[in-house]
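*Asks:* Protein sequences, first through last, are from chains A and B.
Here the numbering used here is used: the first residue of the first sequence is 6, the next is one more, and so on.
Here the numbering used here is used: the first residue of the second sequence is 6, the next is one more, and so on.
Every residue gets a Cβ at the ideal spot worked out from N, C-alpha and C, and that includes glycine.
There are 2 protein chains.
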Amino acid sequence: MKAYILSVGDELTLGQTVDTNSAWLSQQLASIGCWICGHMTVPDDRAAIASAISEASRRCDVLLISGGLGPTKDDLTHQALADAMGVGLEMNEKWLAQLEEFFRIRRRPMVAANRVQAMLPIGCRMIENSCGTACGMHARVGDCDVYVMPGVPKEMFAMFTRDVLPQLRERANGAVILSRTLHTFGLGESNVAELLGDLMKRGRNPSVGTTVSGGIVSLRINARFPSLAEAQEKIAETEEACRQKLGDLIFGADGVTLPEALAPMLKENGITVATAESCTGGLLAGMFTDIPGSSSYFLQGWVTYSNESKVNLLGVNPQTIETHGAVSEPVVREMAENARRRACVDVALAISGIAGPDGGTPEKPVGTVCFALAHAGGVSARTIVHLGDRATVRDRSCKTALTMLRFHLLGKPLPF
Amino acid sequence: MKAYILSVGDELTLGQTVDTNSAWLSQQLASIGCWICGHMTVPDDRAAIASAISEASRRCDVLLISGGLGPTKDDLTHQALADAMGVGLEMNEKWLAQLEEFFRIRRRPMVAANRVQAMLPIGCRMIENSCGTACGMHARVGDCDVYVMPGVPKEMFAMFTRDVLPQLRERANGAVILSRTLHTFGLGESNVAELLGDLMKRGRNPSVGTTVSGGIVSLRINARFPSLAEAQEKIAETEEACRQKLGDLIFGADGVTLPEALAPMLKENGITVATAESCTGGLLAGMFTDIPGSSSYFLQGWVTYSNESKVNLLGVNPQTIETHGAVSEPVVREMAENARRRACVDVALAISGIAGPDGGTPEKPVGTVCFALAHAGGVSARTIVHLGDRATVRDRSCKTALTMLRFHLLGKPLPF
């Protein structure tokens, strides 16, 4: 099965937005053994879109298109697809009804422009969009199956995964590429690579590579085998070998985030959590509460951004701040202990640091962050200097605190 | 002058690498008034590259290619360009000498594979690479100028800037494309488009288009004129026309975020802020404290995720929760008022809602979020039903609260 990917939008051809949809779609197609002939990007121009559809559809079995489905005048993919199919547009009553419902629920008026989003080429199948007003389309152009999805990545991901991928997977019955990703936090990429050793040798199948994103060093295992069973067996072997090398550094696999990895550990042991944050300003609480159902273990948080609030809200001794500074282990220890006591929780995490760009000193440079974890057995504290800009320091600090908690729950010392 | 951009590489078509070169090159071309017909990406396949070069060269005046110039067997752009030109390859003695020098300086042996990097299509001009072993190429294919550059972004940027851009700028004789982006929050894309009316008409110059990202509806104004002065004047006129239509809905331009737009309004008026969050779990405080220097106005925040913490930390009357539910305007009113009083701040924002995926009822579906803003003059509250998944509901809720505060500071009613 040969596939082609077409992205539509002036913001792409003008370079104002980097096209990430094509790469994501390519990964999905590659994972079911599909051969990707190429990507194409065209501006919001009806003739250019139509001609790209006609050309690409002659060269492949499946054409995936994203973009140009919005309600405005520069959204022209409906018309261009109709041109390429040699048909006109007609109102899709089913999607129109859903659009009307969408606006009714939101208590917003539905304007005429939105009706246009339900005008589809005659003979094409409507694909539902669970998170937006642009439905997708599935049509045949010559011998090619054309799927059109919204350009908004989240909507496109959802539509592709729910509707398009299952259809394509059924058609692709050949070699299988399986991937598995294992995530670590705490060590640098080169340290992880050193621990993995020969597993990362080029040409190995399954292959093992590392990527870094947001401080998370991930191992990507790719297995390419004639059958699914063989690919599954080999990928499991390689995963086991990686786990042997990295142990508890691996906190999760595939889409799992650090807070998601913590959720079952907290839930199953009935452990409750509170947070007390200074430089991370609520982001740590935000990460905990990202998880549906987190209310069963995350009870409350304090954002004590000013020194006064550390004293007034959390009862930190002003003398401790005066003597050691707000960014110090004695202060985070008090923050964590008091948060634990006041919130009546099993564990409390506290963070205070210098996120930058200002506020650094030679002794405590920007990026210096103190962490404390209060639990039934006492309080442990750490100071770590994170490199990077303000957003990076804040993000890595939250992940460090989550990792401290994770190793505490594992009953093991932090490995860094 | 019409241009086309071609990227070469399996890592791109397999989606393992996101193509950022095309966006960067597009921006460069747009800045000199070049019209970008499209982007294309092909795998490391000689026939596919050659056919892409032939096709693209018929459609444009300038074709920019990056990738496929390395020393390994899967680097095939030299041969493919020669195929498209209908010529053979010959050794470029000048680049060969520089390659030898390159390896001599680094005291590394030069392998046979590197010699291949100096084999260029007969009749093409060699473009020097100051930071790598892959030289570039400049050739004519039909009436099209073809420039081939390395795929490594750093090497490509350097070569394009030093050699290619000056040549193109000369040919483009001064035409300029300027862009300006204005951001709104609160209305849907179609509502914004309706307000803009004819400003969005196709073919208008400067053009006005809309894009949506994270609930922020942005207007992108692109002006294409012979001179910079004219482009600047026209873009300013169009910006003014957009502002006439949308007024205070526009919170900022170009890179500005909502919390960044609020920062000077708070700072200059010496207004202090606190937050009390339930379903957003710290994200609103996190948005405030994203901004360097936010400690001068953001003093503290509460994450009262459980009902108990609403009562214990913020003094919400348990009876209010019992009577109206935790997600209700009476509860957020108390949260905001008490947060304002306890934190001794000028304004306090409170959020309580059902972020989902569970917890919805027919009366209060998932996405129902209550907001309150307490200020010296009283408390105002709103209930909004956000659509989308948990992360979307939480993000939009924070932006709604920021927007409530923004309109309060402007002394105007919320426009939605």
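Rank R401(B), V374(B), A381(B) by C-alpha distance to the C-alpha of V390(B) and give the top, closest one.
*Replies:* Stepping through the second sequence from its first residue, residue 390(B) is reached at position 385. Cα-wise, what sits closest to V390(B) is V374(B).
*Asks:* For G275(B), which of helix, strand or coil comes out of DSSP?
*Replies:* Counted from its first residue, the second sequence places residue 275(B) at position 270. DSSP places G275(B) in coil when its eight states are reduced to three.
*Asks:* Taking the alpha carbon of L68(B) as the reference point, which residue from P76(B), G358(B), F303(B), L30(B) has its own alpha carbon closest?
*Replies:* Working through the second sequence from its first residue, we reach residue 68(B) at position 63. Comparing Cα positions, the closest option is L30(B).
*Asks:* Could you work out which residue in G147(B), D80(B), H380(B), E282(B) is closest to M124(B) when comparing CA atoms only?
*Replies:* Locating residue 124(B) in the second sequence gives position 119, counting from the first residue. That would be D80(B), whose Cα lies nearest to the Cα of M124(B).
*Asks:* Per DSSP, what kind of secondary structure is C140(B) in: helix, strand or coil?
*Replies:* On the second sequence, position 135 is the one that residue 140(B) refers to. The answer is coil: DSSP assigns C140(B) none of H, G, I, E or B.
*Asks:* Whose Cβ in chain A lies nearer than 8 Å to the Cβ of D24(B)?
*Replies:* Translated into the one-based positions of the second sequence, residue 24(B) becomes position 19. Chain A residues near D24(B): V23, D24, S27, A28, H44.
*Asks:* Check whether the segment 84-93 of chain B touches the segment 156-176 of chain B, counting contact only when three or more Cβ pairs, one atom from each stretch, lie closer than 8 Å.
*Replies:* No: fewer than three Cβ pairs fall under 8 Å.
*Asks:* Could you check what DSSP says for G202(A) in three-state terms: helix, strand or coil?
*Replies:* Counting from one through the first sequence, the residue named residue 202(A) turns up at place 197. Correct three-state label for G202(A): helix.
*Asks:* Is the Cβ of V336(B) closer than 7 Å to any Cβ of chain A?
*Replies:* Residue 336(B) sits at position 331 when you count from the first residue of the second sequence. It does not; no Cβ of chain A falls within 7 Å.
*Asks:* For V151(B) and S12(B), which I take to be in contact (beta-carbon distance under 8 Å), what is that distance rounded to the nearest angstrom?
*Replies:* On the second sequence, residue 151(B) is found 146 positions in, with the first residue counted as 1. On the second sequence, residue 12(B) is found 7 positions in, with the first residue counted as 1. Wrong, their Cβ atoms sit about 14 Å apart, outside the cutoff.
*Asks:* Run through chain E and tell me which residues come within less than 7 Å of R111(A), C-beta to C-beta.
*Replies:* As a matter of chain content, chain E is missing from the structure shown, whose protein chains are A and B.
*Asks:* Here's the rule: buried if 16 or more other CB atoms are within 10 angstroms of the residue's CB, otherwise exposed. What is A144(B)?
*Replies:* Sequence index remark: in the second sequence, residue 144(B) carries index 139 (1-based). The residue in question, A144(B), is buried, as its Cβ has 16 or more Cβ neighbours within 10 Å.
*Asks:* How close, in whole Å, do the beta carbons of W307(B) and A344(B) come, if the pair is a contact with beta carbons under 8 Å?
*Replies:* Looking up residue 307(B) in the second sequence gives position 302. Looking up residue 344(B) in the second sequence gives position 339. Yes, W307(B) and A344(B) are in contact; Cβ-Cβ is about 6 Å, under 8 Å.
*Asks:* Which bits of chain A does R395(B) rub up against, with CB to CB less than 7 Å?
*Replies:* By one-based count along the second sequence, residue 395(B) stands at place 390. What R395(B) touches in chain A: P297.
*Asks:* Given that M205(B) touches chain A, what residues does it touch there, using C-beta distances under 8 Å?
*Replies:* Walking along the second sequence from the start, residue 205(B) turns up at place 200. Result: T77, K78, D79.
*Asks:* Where do the ends of the alpha helix (DSSP H) carrying K159(B) lie?
*Replies:* For the purposes of this step, residue 159(B) is identified with residue 154 of the second sequence, where counting begins at 1. First-last of the alpha helix (DSSP H) with K159(B): 158-164.
*Asks:* Within the 7 Å Cβ cut-off, does G306(B) reach chain A?
*Replies:* What you label residue 306(B) is simply residue 301 of the second sequence in a count that begins at 1. Yes - at least one Cβ of chain A is within 7 Å of the one on G306(B).
*Asks:* Please name the residue in R112(A), K404(A), P362(A), S333(A) whose C-alpha comes closest to that of P264(A).
*Replies:* The sequence position of residue 264(A) within the first sequence is 259, counting from 1. The option with the nearest alpha carbon to P264(A) is K404(A).
*Asks:* Just to confirm the assignment, what range does the alpha helix (DSSP H) spanning Q305(A) have?
*Replies:* One-based indexing of the first sequence puts residue 305(A) at position 300. From DSSP, Q305(A) is part of no alpha helix (DSSP H) but of the beta strand (DSSP E) over 303-309.
*Asks:* When the Cα atoms are used, what is the spatial distance from G208(A) to R229(A)?
*Replies:* Within the first sequence, the letter at position 203 stands for residue 208(A). Within the first sequence, the letter at position 224 stands for residue 229(A). Going by the C-alpha atoms only, they are around 11 Å apart.
*Asks:* Of all the residues that make up the segment 339-362 of chain A, which are near chain B by a beta-carbon distance shorter than 9 Å?
*Replies:* Within the segment 339-362 of chain A, the residues whose Cβ lies closer than 9 Å to some Cβ of chain B are R347, A348, C349, A360, G361, P362, listed in chain order.
*Asks:* Nearest to R64(A) by alpha carbon, out of G72(B), A53(B), I226(B)?
*Replies:* Looking up residue 64(A) in the first sequence gives position 59. Ranking G72(B), A53(B), I226(B) by Cα distance to R64(A) puts A53(B) first.
*Asks:* Name the chain B residues whose beta carbon is nearer than 7 Å to that of V116(A)?
*Replies:* For this step, residue 116(A) is matched to residue 111 along the first sequence. In chain order: S195, N196, E199.
*Asks:* Cβ closer than 7 Å: which chain B residues qualify as neighbours of D15(A)?
*Replies:* Within the first sequence, numbered from 1, the residue matching residue 15(A) stands at position 10. Near D15(A) (Cβ distances below 7 Å), the residues of chain B are G214.
*Asks:* In angstroms with no decimal places, state the Cα-to-Cα distance between E282(A) and I296(B).
*Replies:* Position 277 of the first sequence holds residue 282(A). Position 291 of the second sequence holds residue 296(B). Near 16 Å, if we compare the C-alpha coordinates of I296(B) and E282(A).
*Asks:* Per DSSP, what kind of secondary structure is F421(B) in: helix, strand or coil?
*Replies:* Translated into the one-based positions of the second sequence, residue 421(B) becomes position 416. Here F421(B) sits in coil by DSSP.
*Asks:* Anyone know if the C-beta pair for S1(B) and G156(B) falls short of 7 Å?
*Replies:* Given a span of 6 to 421 for chain B in the structure shown, any question on residue 1(B) remains unanswerable.
*Asks:* Contact criterion: CB-CB distance below 7 Å. Does Y310(A) meet it with respect to chain B?
*Replies:* Position 305 of the first sequence, counting from 1, holds the residue named residue 310(A). By this cut-off, Y310(A) is an interface position.
*Asks:* Would Q172(B) pass as an interface residue toward chain A - the criterion being a Cβ-Cβ separation below 7 Å?
*Replies:* Taking the first residue of the second sequence as 1, we reach residue 172(B) at position 167. It does not: the Cβ of Q172(B) has no partner Cβ on chain A nearer than 7 Å.
*Asks:* CA-CA distance, C39(B) and E16(A)?
*Replies:* Taking the first residue of the second sequence as position 1, residue 39(B) is located at position 34. Taking the first residue of the first sequence as position 1, residue 16(A) is located at position 11. Cα-Cα distance, rounded: 15 Å.
*Asks:* Strictly by DSSP, which residues pair up with E282(B)?
*Replies:* As a first step, residue 282(B) is located in the second sequence; it is residue number 277 there, counting from the start. In DSSP, E282(B) forms a bridge with V308(B), I356(B).
*Asks:* Near T277(B), which residues of its chain fall below 6 Å by C-beta distance, leaving aside the five closest residues on each side in sequence?
*Replies:* Here residue 277(B) refers to the residue found at position 272 of the second sequence. If we look at T277(B) and ignore the five residues flanking it on each side, its Cβ neighbours are Y302, L304, V350, D351.
*Asks:* If you run the structure through DSSP and keep just helix, strand and coil, what is S31(B)?
*Replies:* Here residue 31(B) corresponds to residue number 26 of the second sequence, with the count starting at 1. In this structure, S31(B) counts as helix in the three-state DSSP scheme.
*Asks:* I'd like to confirm something about S59(A): is its beta-carbon nearer than 6 Å to some heavy atom of the ligand MN, or not?
*Replies:* Of the ligands one can find in the structure shown there are none, so the ligand MN has no counterpart to examine.
*Asks:* Give me the chain A residues within the contact set of S32(B), using Cβ-Cβ distance strictly less than 8 Å, ordered along the chain.
*Replies:* Here residue 32(B) is taken as the residue at index 27 of the second sequence, counted from 1. According to the sequence as given, residue 32(B) is Gln; it is not Ser. Those are L19, G20, Q21, listed as they occur along chain A.
*Asks:* Would you mind stating whether C140(B) and W100(B) have Cβ atoms separated by less than 7 Å?
*Replies:* Against the second sequence, residue 140(B) aligns to sequence position 135. Against the second sequence, residue 100(B) aligns to sequence position 95. Yes, these two residues count as a Cβ contact at 7 Å.
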